[in-house]
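Please read the structure below before turning to the comments.
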Amino acid sequence: MYNKEQTQYLQSETTALLQQVKDNAEGINIPILRDVLRFHEYRYYILNDPLIADGEYDQLYKALEKMEAAHPEQITPDSPTQRVSKGLTKDFPKVQHLVPMLSLDNSYNAEDLVDFDRKAKELSGLAEIEYCVEPKFDGASISLIYEDDFLLRGSTRGDGVTGDDITTNIRQIRSVPLSAKFSQYGIRQIEIRGEVLMNKNNFKAYNDALEEQGLDRLANPRNAAAGSLRIKDPKEVARRNLEAFIYHVSDVTLEPKKDQPKELDTHSATLQMLWDLGFRSPAKEKRVMKNIQAVIDYCEAFEKQRDDLPYEIDGMVIKVNHLDMQEQLGMTTHHPRWAMAYKFKARQGTSKLRSVEFQVGRTGAVTPVAKIDPVSVGGVTVSSISVHNEEYIKEKNLQLGDTVLIERSGDVIPQVVKSFPELRTGEEKSIHFPTHCPVCGYPLVKLPDEAVWRCNNSNNCEAQIVERIVHFNSKDAMDIRGLGDAIVRKFYALGFLNDIPDIYRLPFDKIRQLEGFGEKSVTNLQSAIEASKKQPLHRLIYALGIRFVGETTAKVLANAINHLFDLKEYSQERLQELEDIGPKVAGSICQFFHNDQNMDLLKQLEAEGLQLKNEKKNLHTGSNLAGQTFLFTGTLNKLKRSQAEAMVEENGGSIVSGVSSKLNYLVVGEDAGSKLEKAKKINTIKIISEEEFLTMTEKGEVS
Ligand code: IVH
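Quick note: to get this note's numbering, add 1 to the position in the sequence shown (first position is 1).
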């Protein structure tokens, strides 16, 4: 897309523009600024290899916004500022695809591919056929139309003939260029196809966030991508960080009197053209081969790398490379004869739903767990699978005896994708949700805005007590090895463990006499329990299992206080001043610290010698870093950004993601830009240099 000279030119323009922005200079050239921003978007979103810091990009972007506000007549539809749309989308109008979106024929093994090759040779009468092989992206398919170099329309596949016009949402995907120089190839209008994905990291983060809010995890990144494309709020679509891969040209209209470009002779050249125009096509992953055995080898080798890729693929696609031959081979009513999908080993499986057990978690939430006939899903045997809540069971239309489709993808946790009502025999039975706690018999309640039924008998319900203790001991919490689920249950039954503080009062003399408890395991358990007393405060906060308080929030809370009891004095409003704490989380924290039983539990833990003080903060009492928030901007001279951030954390401070009233210190390096400007407007923020920061860490004071 950008050759060496262009890259060097744009990089030198970047430096000049950053300087101009810093100097508040007049007369910035808007088209150049746009080119520079597009170039950096390309480096970031297509190449994954940015040349400037995020903060520098932000400065340039803000400068463009400012320039365009002053000269609205100069705004173009493909300006980087024009992705973000204001307001909500009403309904998605239906649109007709220029060419129907067919699906691919599937193959599952080498023989299928040999067969495909044989048929293609027979049909074409050729002795040798060239194939292009590329990954089969597992997302939601889209169709894009560019006209006169501008993105005109983006739509979903729909029924293949008509789809939904989701142009506004497509514009939120940064790897989709808003304009592309198709005219260089003599193309006036083009319809291209691709796949929208949510990469594995973003999918996991998204699912974790859902879970922390008490919502269901999504089954797979494909559903996450498809669902995200249909959101009516484009800003939310932007937040989902979707990506698009483009792999097919379905229709081309040339400019008058232009000849078909040679890039449209073969599929591999088409992928290269798309790549050169700034699309994320599989140009790098594709291979061109003349021999079906080489194709098979490549497919099998790629399958081995599947888990190492940042996004999900569910197979490979083998395409006849020459487009005239594709035309000659044509289509059946369902799929092209010139292409074949090679599907990887499924991470899906079907099974029978035999029963549903209702498990009570540590917060009293009652979770239905489906027991299914054991089935191997991508190499793992699944026999038990959460079906989340009553609503989910209704939505998936699940009945006892149903055949169900299970999937394990993107995320390791298996999910029920769907049931097959068409396979019912009449013997199936509906699933009844209990009205009372299956463990303690207490009546269950459901709040109007929640999906789960809950047992509120938290201090007397065995399941909740045991789960609370298990969570307390877990690896990311107090990390007490040797006190897992089975042992906690056993000790509970024996009356050794009735609540968390009992962990520190276990009768080891009696335990030594139990079967299966050798001297070594008892000593190990004793030392693990002893060691847990020294765990840092944030782990203890997380271990308490306060609703909505995950590890991140626990760290934020620990950093803000000197002693755990300080939180009793925090109002909901004050809690919300902390990083990333909203009303729901704040409400839950307040509730916890205003409950006498909880306070009693904390006092018992303190009496047992646990660490309720913020040790870090006390260690660094001389340091102004402890409990303070920091943000770095611009280029640092002595430290790497990551080193500086680690120093903050080592000294008991924390890093925040942006300039807001929650920020205490902005550390300013060279060429600092918009963050500095923003920070200057908030007078509670202290703006310091790298040297001042270093002094602060060494001597514990700001000069
Ligand atoms: S080619 C006319 N190439 O797989 C054929 N499809 O199961 C156009 N897909 O509907 C499709 N990666 O949504 C093609 N590299 C790739 C693909 C790909 C994923 C999807 C596409 C298609 C489905 C067929």
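All residues carry an ideal CB built from backbone N, CA and C; glycine is no exception.
Go through its chain and collect everything with a Cβ distance to residue i's Cβ below 6 Å, but skip five positions before and after it.
i: residue 330; result: 124, 338 and 339
i: residue 454; result: 367, 445 and 447
i: residue 493; result: 467
i: residue 297; result: 111 and 114
i: residue 686; result: 664, 667 and 680
i: residue 46; result: 175 and 176
i: residue 109; result: 344
i: residue 233; result: 89 and 90
i: residue 162; result: 101
Using a Cβ-Cβ cutoff of less than 7 Å, which residues in the same chain neighbour residue i once the five nearest sequence positions on both sides are dropped?
i: residue 225; result: 199, 204, 207 and 219
i: residue 23; result: 672 and 674
i: residue 527; result: 509
i: residue 502; result: 602, 605, 606 and 609
i: residue 1; result: Residue 1 is absent from the model: the chain starts at 2 and stops at 704.
i: residue 642; result: 633
i: residue 253; result: 188, 191 and 265
List the whole-angstrom C-beta distance separating residue i from residue j, where the pair is believed to meet the contact cut-off of C-beta under 8 Å.
i: residue 245; j: residue 143; result: 7 Å
i: residue 554; j: residue 586; result: 6 Å
i: residue 257; j: residue 186; result: The pair is not a contact, with the Cβ atoms about 14 Å apart (cut-off 8 Å).
i: residue 657; j: residue 580; result: 5 Å
i: residue 164; j: residue 98; result: 6 Å
i: residue 18; j: residue 61; result: 6 Å
i: residue 33; j: residue 14; result: 6 Å
i: residue 372; j: residue 404; result: That pair is no contact at about 14 Å.
i: residue 128; j: residue 122; result: 7 Å
Using 8 Å as the threshold, is the C-beta distance between residue i and residue j below it?
i: residue 431; j: residue 465; result: no
i: residue 556; j: residue 611; result: no
i: residue 299; j: residue 316; result: no
i: residue 141; j: residue 223; result: yes
i: residue 42; j: residue 81; result: yes
i: residue 564; j: residue 640; result: no
i: residue 250; j: residue 167; result: no
i: residue 402; j: residue 423; result: no
i: residue 652; j: residue 698; result: yes
i: residue 489; j: residue 498; result: yes
i: residue 634; j: residue 56; result: yes
i: residue 182; j: residue 149; result: no
i: residue 180; j: residue 153; result: no
i: residue 583; j: residue 573; result: no
i: residue 370; j: residue 350; result: no
i: residue 311; j: residue 90; result: no
i: residue 590; j: residue 530; result: no
i: residue 132; j: residue 4; result: no
i: residue 383; j: residue 417; result: no
i: residue 248; j: residue 282; result: yes
i: residue 39; j: residue 134; result: no
i: residue 157; j: residue 243; result: no
i: residue 395; j: residue 406; result: no
According to DSSP, simplified to helix, strand and coil, what is residue i?
i: residue 118; result: helix
i: residue 178; result: coil
i: residue 343; result: strand
i: residue 566; result: helix
i: residue 219; result: coil
i: residue 22; result: helix
i: residue 704; result: Here residue 704 scores only 36 on pLDDT, less than 50, and its place in the model should not be relied on; the value that follows carries that caveat. Residue state, collapsed to three classes: coil.
i: residue 274; result: helix
i: residue 358; result: strand
i: residue 147; result: strand
i: residue 309; result: helix
i: residue 627; result: coil
i: residue 690; result: strand
i: residue 3; result: coil
Considering only residues of the same chain and omitting the five flanking positions on each side of residue i, which have a CB-CB separation below 8 Å?
i: residue 255; result: 187, 188, 189 and 261
i: residue 209; result: 551
i: residue 239; result: 84, 85 and 173
i: residue 463; result: 440, 441 and 493
i: residue 472; result: 363, 478, 544 and 546
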